[in-house]
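Numbering (this note's numbering), first residue to last: 793 to 926.
All C-beta atoms in this analysis are idealised placements derived from N, C-alpha and C, irrespective of residue type, glycine included.
Here the structure is laid out as structure tokens; the discussion comes afterwards.
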Ligand SMILES: [Cu+2]
């Protein structure tokens, strides 16, 4: 019994508390901008903060939010995203997204590109994002 409890504790320590799911982008050409979307699942009761996203496919990668500007929608850079304990934060079209500015390469349907997510209080997470229509 004590042994099983000990094992469970270890699993808890080594398994990531934050999971990234459904990472995707729409197709785009070299030189254009693109957007990356994904779900951030926080499995723990602690809050986590995403502070940076990096990729080799563009020089500039920023976290953006969409906001209402009169009749129109605008978007702007945010410093971070907080994922509250036991919740899922969704980056999706029309809302929060990762802006990929001036692509160094084409994004074709079926391609998979690597991104590194940096958190304030969680180890870095590497993800593969799939290029698809939606
Ligand atoms: Cu944007």
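* Of all the options 837, 816, 836 and 835, which has the alpha carbon lying nearest to the alpha carbon of residue 827? -> Along the chain shown, one-based indexing puts residue 827 at 35. Minimum Cα distance to residue 827 is reached at 816.
* Asked: Distance, Cα to Cα, residue 894 vs residue 849?
  -> The sequence position of residue 894 within the chain shown is 102, counting from 1. The sequence position of residue 849 within the chain shown is 57, counting from 1. If you take the alpha carbons of residue 894 and residue 849, they lie about 9 Å apart.
* Are residue 922 and residue 819 closer than 8 Å when you measure CB to CB? -> Here residue 922 is taken as the residue at index 130 of the chain shown, counted from 1. Here residue 819 is taken as the residue at index 27 of the chain shown, counted from 1. With contacts defined by Cβ atoms closer than 8 Å, residue 922 and residue 819 do not form a contacting pair.
* Asked: Would you say residue 824 touches ligand 1, meaning its beta carbon is less than 7 Å from a heavy atom?
  -> For this step, residue 824 is matched to residue 32 along the chain shown. Incorrect: residue 824 has no Cβ contact closer than 7 Å to ligand 1.
* To do: Take residue 813 and list the residues in its own chain whose beta-carbon comes closer than 7 Å to its own, dropping the five residues that flank it on each side.
  => Within the chain shown, the letter at position 21 stands for residue 813. Excluding residues up to 5 positions away in sequence, 830, 831 and 833 lie with their Cβ nearer than 7 Å to the Cβ of residue 813 in the same chain.
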